[in-house]
Amino acid sequence: MLFTLVIHSGPYSQTSSTSLNALNFAKALLKEGHTIHRLFFYGDGVFNLNAQMVTPQGEIDLPKAWHTLIEDHSIDSVVCIAAGARRGVLNDSEAKRHQKDSGNLLGSSDLSGLGQLIEAAATSERVITFG
Amino acid sequence: MTIHILSKSPQHAAYKSCLQHVGPQDIVMLINDGVYALKTTDAAVQELLDDNRLFALQHDATVRGVTANGASLIDEAGFVALTCEHSPSQSWF
Amino acid sequence: MGREGLEAALAAGAFDQNMAILFLGEAIWQLLSTQQTASNVASDHHSQKNHLKMTNALPLFGIDQIYTSQDDLNDFSLQLEELALSPTALWPSELTALMSNAKTILSF
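This is the structure we're talking about:
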């Protein structure tokens, strides 16, 4: 089946971040032979691809784990450009455009608009939100 | 048949909203702090248990020290299978 | 976050999706018609743009199926007349049916 996952939780959001739940769900569905149409990082979920995050020793490095999953499976991964800008998750060209020192978007995810979420929701057979 | 995915504990507003909107054919999947629902004696939870419509992520229950209490504990592959069998999915958080 | 949920709804409207929007739980406060922002409150007292103005844009984007929960309204001691956009108030069983008839549900 064709899945899209919408991730609203950052690695350290709230008391119960579901970022790890989303990551494990993504891994499991691929292992079961399903396909990921798109990962859409929204709200605090954009922090999952913040390259500047330093994870304390002994804790799961979620940005690294997401990055590895995305690269290993060439997954279409989109970070909402507006949600990212608000929270300071920018790629190099956005950083330049907003006159910030440097970009910090991890890996090959695209910064793009909500149209990518709407398209994914219309195209996928299953859309699972992790809040 | 909706799959309701609950990730908040019973002390959170999302818990009440979730249980209030579970249809007679729907199932509930507890993840993250949602697994604390297994510690309650709420009638709505009991009804789901009686019908075998309550599932929880094994790992999230174990790390929180919560036992099945009659619910089906499943792994991530089981969770994926449930989302294939039930649609749409509604997340409560 | 209320604002980002609204932005997603407006985007869906702009892409001509057949959709309904449901204000549930504390999201209902977003519709309170007496809220004041931007032009009439000193700007150092609010951190975001006029939320109600954005909410009121929903019909302009073709989103006319706007729902809320009668049960939540009762819980919050709110009258339907206090809300902008004249949402349709549904009971939980009706909301359950609304959800199960959707192809996809996005929550914010």
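Chains as they are written, first to last, in my numbering: chain A, 1 to 131; chain B, 132 to 224; chain C, 225 to 332.
Glycine included, every Cβ here is placed at the ideal spot set by N, Cα and C.
{"Asked": "When DSSP labels each residue in this structure, what does THR123/A get in the three-state scheme?", "Found": "helix"}
{"Asked": "Does ILE158/B have its Cβ less than 8 Å from a Cβ in chain A?", "Found": "no"}
{"Asked": "So, helix, strand or coil for HIS135/B, using DSSP?", "Found": "strand"}
{"Asked": "By the criterion of Cβ-Cβ separation under 9 Å, what are the contact partners of THR214/B in chain C?", "Found": "Those do not exist, as THR214/B stays about 12 Å from chain C at its closest Cβ, beyond 9 Å."}
{"Asked": "Thinking just about the alpha-carbon of each residue, which of VAL176/B, TYR167/B, ALA199/B, ASP191/B is nearest to the one in SER19/A?", "Found": "ASP191/B"}
{"Asked": "Checking contacts by CB at 8 Å: is ALA313/C closer than that to chain B?", "Found": "no"}
{"Asked": "So that I know if they touch, is there some Cβ in chain C lying closer than 8 Å to that of PRO141/B?", "Found": "no"}
{"Asked": "Output yes or no for whether 8 Å exceeds the beta carbon distance between ASP296/C and ILE252/C.", "Found": "yes"}
{"Asked": "Which two residues bound the contiguous alpha helix (DSSP H) that contains VAL54/A?", "Found": "No alpha helix (DSSP H) contains VAL54/A, which DSSP labels as neither H nor E."}
{"Asked": "Looking at the unbroken alpha helix (DSSP H) that takes in ALA233/C, where does it start and where does it end?", "Found": "226-238"}
{"Asked": "Quick one: what does DSSP say PHE186/B is sitting in, helix, strand or coil?", "Found": "strand"}
{"Asked": "What separation, rounded to the nearest whole angstrom, lies between the Cα atoms of PHE130/A and LEU5/A?", "Found": "7 Å"}
{"Asked": "Can you tell me whether ASP164/B is buried or exposed? The criterion is at least 16 other CB atoms within 10 Å of its CB, across all chains shown.", "Found": "buried"}
{"Asked": "Assuming VAL197/B and PHE25/A form a contact by the criterion Cβ under 8 Å, report the distance between their Cβ atoms to the nearest whole angstrom.", "Found": "Contact flag wrong, Cβ pair sits at about 20 Å."}
{"Asked": "Do the region 68-85 of chain A and the region 104-113 of chain A meet, that is, are 3 or more Cβ pairs less than 8 Å apart?", "Found": "yes"}
{"Asked": "Confirm, please, whether the CB-CB distance from GLN259/C to ARG227/C is below 8 Å.", "Found": "no"}
{"Asked": "Measuring straight from C-alpha to C-alpha, what distance separates MET160/B and GLY33/A?", "Found": "21 Å"}
{"Asked": "With a 10 Å radius around its C-beta and 16 neighbouring C-beta atoms as the bar for buried, classify ASP182/B as buried or exposed.", "Found": "exposed"}
{"Asked": "Evaluate contact between the region 60-69 of chain A and the region 135-146 of chain B, counting only Cβ atoms and requiring at least three cross-stretch pairs below 8 Å.", "Found": "no"}
{"Asked": "For the beta strand (DSSP E) containing THR4/A, name the first residue and the last one.", "Found": "2-7"}
{"Asked": "Measuring alpha carbon to alpha carbon, tell me which residue in GLN177/B, PRO219/B, TYR146/B is nearest THR200/B.", "Found": "Per the sequence shown, the amino acid found at residue 200/B is Asn instead of Thr. Out of GLN177/B, PRO219/B, TYR146/B, GLN177/B has the C-alpha closest to the C-alpha of ASN200/B."}
{"Asked": "Figure out for me which residue from ASP61/A, ARG38/A, THR15/A, SER17/A has the closest Cα to the Cα of ILE128/A.", "Found": "ARG38/A"}
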